[in-house]
Amino acid sequence: MNARPSLRPPQTFATARLVARPPAADDAPAVFAAYASDPEVTRYLSWRAYERVPPLATFLQECAANWEKGAGPFAWLLCLKGTTTPIGSIGVTIEGGKAMFGYVLAKKFWGHGFTTEALTFLVDWSLAQPEIFRAWAFCDVENPASQRVMEKAGLVREGVLRRWHMSPTLGPEPRDCIVCAKVK
Ligand SMILES: CC(C)(COP(=O)(O)OP(=O)(O)OC[C@H]1O[C@@H](n2cnc3c(N)ncnc32)[C@H](O)[C@@H]1OP(=O)(O)O)[C@@H](O)C(=O)NCCC(=O)NCCS
143 MNARPSLRPP QTFATARLVA RPPAADDAPA VFAAYASDPE VTRYLSWRAY
193 ERVPPLATFL QECAANWEKG AGPFAWLLCL KGTTTPIGSI GVTIEGGKAM
243 FGYVLAKKFW GHGFTTEALT FLVDWSLAQP EIFRAWAFCD VENPASQRVM
293 EKAGLVREGV LRRWHMSPTL GPEPRDCIVC AKVK
């Protein structure tokens, strides 16, 4: 079943400790400083650490435009409640009854359950939509923190997608990934 053209996630949401909002181009200096310029953070991601702010501003502008068009993929910046400085990001791609998630957090905030908190909210939102039957994500086989986030958010390991994802920081060949999902 295809999603309604109008199906779109909440533009903002809050969890116990976080607020999430769409990115804007002028978030680029803060996002650069918080996590996007850190090669340890981007190690398993599909993009390399940014070396300059302007290309990141262009990317964040594209994320903002995706919200305006309503077509997605939809990305949020995550801020601690009571602050406006981004500490990470989470995104969803909705397609053909499936919602696929990705996430990243600034290193200094790792290990406090923040990503699990945001992912749990969005998994719950997704599976509450009549047209979404599968909430899923994948991570590199060597990224146990991300696998643990998926499991803590209620996704169940299904297997390994071999040669699935390019992580340019790690080299030119696609890498094996663990896939996890929650279905209804
Ligand atoms: C993956 C990432 C988003 C996790 O964010 P986080 O907010 O620190 O995650 P949480 O605190 O919610 O949970 C992390 C879990 O992984 C566990 N963990 C961390 N490092 C681990 C390791 N090397 N081996 C096993 N478990 C590990 C933590 O102990 C925690 O589990 P616990 O609550 O049972 O103790 C963050 O590490 C990150 O941004 N990494 C770089 C970007 C990335 O890899 N994104 C995912 C791409 S698929």
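Taken in order, the sequence shown gives residues 143 to 326; the numbers are from the working numbering.
Glycine included, C-beta positions come from ideal geometry on N, C-alpha and C.
With distance defined between alpha-carbon atoms, name the residue in the options nearest to residue i.
i: R159; options: V234, K326, T258 and E237; result: T258
i: K249; options: A175, P151 and P152; result: A175
i: W306; options: A295, S268, A279 and C205; result: A279
i: L149; options: R304, V302 and I236; result: I236
i: K326; options: R317, G313 and V298; result: V298
i: G313; options: G253, T184, F155 and S231; result: T184
i: A206; options: G255, H254 and G233; result: G233
i: S309; options: N285, L247, C322 and G230; result: N285
i: K294; options: C322, T311 and D318; result: C322
i: P196; options: E210, S179 and W267; result: S179
i: R194; options: W209, L269, Y177 and N208; result: Y177
i: L303; options: G253, D282, G296 and T311; result: D282
Name the one or two DSSP bridge partners that residue i has.
i: T225; result: In DSSP, T225 forms no bridge with anything.
i: G233; result: A217 and G244
i: A156; result: V161
i: W278; result: M242 and A323
Hey, how far is the Cα of residue i from the Cα of residue j?
i: F251; j: G224; result: 16 Å
i: F216; j: R163; result: 10 Å
i: T262; j: K324; result: 11 Å
i: P151; j: G212; result: 9 Å
If you reduce the DSSP assignment to three classes, tell me which class residue i lands in.
i: S188; result: coil
i: S288; result: helix
i: E300; result: strand
i: K326; result: coil
i: D266; result: helix
i: F251; result: helix
i: D399; result: With the chain running from 143 to 326 in the structure shown, residue 399 is simply not present.
| said: Could you check whether the stretch 288–302 touches the stretch 162–179, counting it as contact only if at least three pairs of C-beta atoms, one from each stretch, sit closer than 8 Å? | reply: Between the stretch 288–302 and the stretch 162–179 there are fewer than three C-beta pairs closer than 8 Å, too few to call the two in contact.
| task | Please determine if the stretch 182–195 and the stretch 267–278 are in contact, where contact requires at least 3 C-beta pairs separated by less than 8 Å. | result | The stretch 182–195, when compared against the stretch 267–278, does not touch it at the 8 Å Cβ threshold.
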